[in-house]
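These notes are about the structure you will find just below.
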Amino acid sequence: MAGAWIRDKPATLEAATKEAAKLLQASRMPLIAGLGTDVAGARAAIALAQQIGAVIDHMHSAALLRDLDVMRESGMMITTPNEARLRGDLLLLVGAGLVETWPEISARLFEKSSVLNSRRIVWLCPSNGNTEAHSDIETIGNNPRNLPVMLAALRARCAGHAVRNDTPDLRKIDALASELPQARFGVAVWSAAENDALTIEMLCGLVKDLNATTRFSGLPLAPGNDAAAVQQVSGWMTGFPVRTGFGRGDPEHDPWRFDGVRLVDTGEADCALWISAYHPMAPPWKREVPIIALTNGLDCFDRPPAVAISVGQPGTDHDSVEYLAATGTLAFSRVTSRANVMSVADAIGGIAATLPVPSPC
Amino acid sequence: MLTRLAGGHIVDPANGRDGVGDVWFRDGRLVAPPENGRPDETYDVAGMIVMAGAIDIHSHIAGSNENLGRLLLPEQRYAAFEHAGHVTTAKGAWTTAETGRLYAAMGFTTVVEPAVLPEHALHAHLELADIPIIDKATLTVLGNDDFLLNLLRRREGGEAVRDYIAWTLATSRALGIKVINAGGAAAFKDNVRSFSLDDVVPEYGISSRAIFKALQKAVHELRLPHPLHLHCNNLGIPGNVETALATIQAAEGLPLHLAHLQFYGYGKEGPRGFSSAAARLADAVNAAKHLTIDVGQVMFGQTVTISADVLRQFNARNGARPKKWIILDGDSNGAGIVPYAYRANDFYNAVQWAAGLELFLLINDPWRVFFTTDHPNGAPFTAYPDILALLLDRSLRAEWMTKLPKEAIEVTTLPSIGREYTLNEIAIMTRAAPARLLGLRDRGHLAAGAIADIAVYAPFKDKAAMFRNAAFVFKSGELVVRNGNVLHQPFGRTLNVHPARGRAIERRMRDYYENRYGLSPDFMTVADLAIGRPDPFETVPCLS
């Protein structure tokens, strides 16, 4: 639904854009958060952040940064969803949240491959109900709190080390440890939404160890709201992932300092541009700051935001480039009949053009 | 608007000019000196050197693998501030915006990203679209992809390979085709740990040699302006000169470009079993007139190696400096990202540095040797001015050699080489020859009709300083750089080719993707509308 509001009063797009620019202009420490948007929206948001010295953060930064923490501390071996689907003769699924993160996982990964005769699937500590439709998936453990110690034991057993006798499900873990090196192209699959960084690091270490003798790789599942695409755009435009600030001109990255919720709740940020184009959604922080909301409608807000501009859903209401979970790439989707809505990029473009400072891009 | 650059030293080898004169341009194109023409503006460039904008044929500036490198190494960027005012490392060239600005400041106006995986082509083009000032192009990587390997296994004719290449170029909007360790990435998925020219990809029964030759022939027959761009097997391994020499033999007189040849210039001589074999390689290149090469010069300092040669990167992972790395098994090639610091006191790194310079200096035809560091693999492109200075001045080379391990220099021929490049040769290597190699008829020279991409350098005794900060750079006639400072950031375009192809290939690719991946191949298509900037592409004609 097209629409713009100042407080809860309907306003023209022009008036709402002007009001948004005024609020951002007056802000000493603006935050651009949520970032649930496509590539064009992310480009516009990051360019605006650069223009006004704002901080950028994504609603799924915590999950993004858990994977990234492991990658940039010690590295990673990863593969694509297509290679996992085609070649993964042993899929090691790890923990909860896989189906929730990638609803098509069953159709894309669990079905028969066009090049493999058979595929073995083992799932460590799945969520309840995730394996019900798949009787051929072996599960080990059901308490996610045991997952870190089970993975540690699995890695130790693969390396031929002793482990404590009271390790949960030790017999099954021993059997799995002798099976993993026999895989021809094994793939470990996880979602950072439900695993902590140390668990992910242990798993990635196991994958590296296995490559001493065979081939094994990892498939981290990307969180929703196009977080992976926004992360990519942030990478090329700033050299950093999200949680990056332009307050001092050049981009600076700090996962703690530029945590959007923290910035608002401590009173550091005094104005926020909140973007959620995929779902009508209010920001998670508790403190009240003037919010410019780019989402769909006002219903999701307890208190009306200072300014709201309805935006369409990328790929559904307007053309977009988004991260495609099936391929792990950025891909274009063409919408045959564009809905009568703004895109995030349009809305931000309007605000940026109203500001007196010229846009850098 | 009519502009005149007055009284500069024009170095324009494509048109045989090397002397004082004027350059005129109007509406973005060079024009002949108009009779009684009065310029609307005149730049007095007396005493300065005027060349066409430089063209880089091989620099990894954009794409999914480069971006993984950024995400892997956030600390690289912070380290840049330690070198305030003198950006010589990858650290400063890390974003799309900085990439365009830093290239332009050196007088470069066209750059080729040489390793785009077809499935990530849109990503690469989105990054390229955010690189300001310069024009861009890509090479798409084939040679480890199941579709091609199956064509070869089934001995389908050249037409099938040509149609497939043409389809891939159109889908990924590329200027040419590159092959990277042909078959090596596919073999690595089957747990093969070393892969040479006559090794065979398991399950396909096709050798690396057969793959590259099929592609080389098809690229030639398609009349693509740029010959097949080949990254050979066994990169970085002692004794790999034999692989490179065998590959040169295998080219059999058809055009072929060998990328970053320095990394294949290694023998097994000397006390450490590692020596420069660049002199042998240079002899072979000199004799093979159908061959072009770029050097991939190594310079000392921190960088990150980013390569779709996933097998080589896997084998290099334990040498990572700092100790972290990414290995990606992709749909076809994949990638390895391994940070690395080349050290002046490291025997091996010093040999590599010398081997690159030997290739530059011992290959006698500047039309066939190209100026690269394989950015960022040998060094970031910001090191170019220092390399140009080394080519222009043998005493500078001698000074550098005194600071390197003596035993390393002893396993090279560098101290015996007195050659110094002339400015005319530099202009051939960085302007005229790249334009010819890529089929860009209106670039790389200063004759009427050419695009007004012009670099003007003020003469300094310090040649590196001269090339680092151009006095003036014009992009399509617009002044974009003055004294190394960027004034404007217009956005350039991306060059690509569109060879004709048979109609059946569309259907065939659709069926193949549906059967193999359960997907439409449309996700790989790079549409103009997806780029987010007006008129993002320019078509380069195929050879007649």
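For the record, the sequence lines run as chains A and B.
Its first residue numbered 1, the first sequence is counted upward by one per residue in our numbering.
Its first residue numbered 362, the second sequence is counted upward by one per residue in our numbering.
A virtual CB, placed ideally from N, CA and C, is assigned to each residue, including glycine.
{"Asked": "Closest Cβ-Cβ distance between B:Trp-528 and chain A: below 8 Å?", "Found": "no"}
{"Asked": "Return the chain-ordered ranges of every beta strand (DSSP E) run that is complete within the stretch 463-509 of chain B and spans a minimum of 3 residues.", "Found": "469-477, 496-503"}
{"Asked": "Using a Cβ-Cβ distance cut-off of 8 Å, determine whether A:Met-362 contacts chain B.", "Found": "The shown model of chain A, from 1 to 361, leaves out residue 362 of chain A, and the question about it has no answer."}
{"Asked": "Give me the residue from B:Ala-811, B:Ala-705, B:Glu-488, B:Arg-877 with the minimum Cα distance to B:Val-384.", "Found": "B:Ala-811"}
{"Asked": "Does any residue of chain B have a CB that is nearer than 8 Å to the CB of A:Ser-74?", "Found": "yes"}
{"Asked": "Where does B:Ile-667 sit, in a helix, a strand or coil, going by DSSP?", "Found": "strand"}
{"Asked": "Quick check: what's the CA-CA separation for A:Ile-173 versus A:Leu-91?", "Found": "15 Å"}
{"Asked": "Note down, in chain order, every chain B residue with its Cβ under 7 Å from the Cβ of A:Pro-241.", "Found": "Leu-432"}
{"Asked": "Out of curiosity, what's the CA-to-CA distance linking A:Asp-226 and A:Thr-37?", "Found": "6 Å"}
{"Asked": "When the distance is taken between beta carbons, is A:Leu-219 closer than 8 Å to A:Leu-101?", "Found": "Here the sequence assigns Thr to residue 101 of chain A, which means Leu is not the residue at that position. Against a cut-off of 8 Å, the Cβ pair of A:Leu-219 and A:Thr-101 comes out as no contact."}
{"Asked": "A:Arg-191 by DSSP, collapsed to three states: which one?", "Found": "It is worth fixing the name first, because residue 191 of chain A is Ser in this sequence and not Arg. Reduced to three states, the DSSP call for A:Ser-191 is strand."}
{"Asked": "Can you check which of these residues, A:Val-261, A:Gly-235, A:Ser-135, A:Ala-96, is closest to A:Asn-146 by C-alpha distance?", "Found": "A:Ala-96"}
{"Asked": "Quick check: is the beta carbon of B:Phe-884 nearer than 8 Å to any beta carbon in chain A?", "Found": "yes"}
{"Asked": "Could you pull out every residue in the same chain whose Cβ sits closer than 7 Å to the Cβ of B:Ile-789, ignoring the five residues on either side in sequence?", "Found": "Pro-374, Pro-727, Trp-728"}
{"Asked": "Rounded to the nearest angstrom, what separates B:Thr-886 and B:Ala-531 at their Cα positions?", "Found": "8 Å"}
{"Asked": "Nearest to A:Gln-51 by alpha carbon, out of A:Pro-251, A:Glu-14, A:Ser-310, A:Asp-57?", "Found": "A:Pro-251"}
{"Asked": "In this structure, does DSSP put B:Gly-430 in helix, strand or coil?", "Found": "helix"}
{"Asked": "Is there contact here, the stretch 210-217 of chain A with the stretch 105-114 of chain A, by at least three beta-carbon pairs under 8 Å?", "Found": "no"}
{"Asked": "Within 8 Å of any Cβ in chain A, is that where the Cβ of B:Asn-876 sits?", "Found": "yes"}
{"Asked": "Are the C-beta atoms of A:His-134 and some chain B residue less than 8 Å apart?", "Found": "no"}
{"Asked": "Can you give, in chain order, each stretch of the beta strand (DSSP E) that sits fully within the stretch 551-634 of chain B and has at least 3 residues?", "Found": "590-592, 617-619"}
{"Asked": "Any idea what DSSP makes of B:Lys-822, helix, strand or coil?", "Found": "coil"}
{"Asked": "Identify every run of the alpha helix (DSSP H) within the stretch 157-189 of chain A, keeping only runs that are complete inside it and at least 4 residues long; order them along the chain.", "Found": "170-179"}
{"Asked": "Cβ closer than 7 Å: which chain B residues qualify as neighbours of A:Leu-330?", "Found": "Leu-483, His-484, Leu-487"}
{"Asked": "Given a limit of 9 Å on CB to CB distance, which residues of the stretch 687-720 of chain B reach chain A?", "Found": "Ile-687, Ile-688, Leu-689, Asp-690, Gly-691, Asp-692, Gly-695, Ile-698, Val-699"}
{"Asked": "Label A:Thr-266 either buried or exposed according to how many other C-beta atoms from any shown protein chain fall within 10 Å of its C-beta, with 16 as the threshold for buried.", "Found": "exposed"}
{"Asked": "In chain order, which continuous runs of the alpha helix (DSSP H) of length 4 or greater are located wholly inside the stretch 252-308 of chain A?", "Found": "260-265"}
{"Asked": "B:Asp-754 bridges to which residues according to DSSP?", "Found": "Looking at the DSSP assignment, B:Asp-754 forms no beta bridge with any residue, so it has no partner."}
{"Asked": "Would you kindly report the start and end of the unbroken beta strand (DSSP E) that includes A:Val-94?", "Found": "90-94"}
{"Asked": "Quick one: grab the DSSP three-state call for B:Phe-675.", "Found": "helix"}
{"Asked": "Around the Cβ of A:Trp-256, are there at least 16 other Cβ atoms within 10 angstroms (buried) or fewer (exposed)?", "Found": "exposed"}
{"Asked": "Can you pull the chain A residues whose beta carbon is under 7 Å from the beta carbon of B:Glu-480, in chain order?", "Found": "Thr-327, Thr-329"}
{"Asked": "Compute the distance between the beta-carbons of A:Ile-275 and A:Leu-48, then report whether it is under 8 Å.", "Found": "no"}
{"Asked": "Decide if B:Val-821 is buried, meaning its Cβ has at least 16 other Cβ atoms within 10 Å, or exposed.", "Found": "The sequence given here places Phe at residue 821 of chain B; Val does not occur at that position. So B:Phe-821 counts as exposed."}
{"Asked": "Which of the three DSSP states is assigned to B:Gly-656 in this structure?", "Found": "The residue asked about is misnamed: residue 656 of chain B is Val in this sequence, not Gly. In the structure shown, B:Val-656 sits in coil (DSSP, three-state: anything other than H, G, I, E or B)."}
{"Asked": "Leaving out the 5 sequence neighbours to the left and right, which residues in its chain are closer than 8 Å to B:Leu-606 when beta-carbon positions are compared?", "Found": "Arg-641, Leu-642, Ala-645"}
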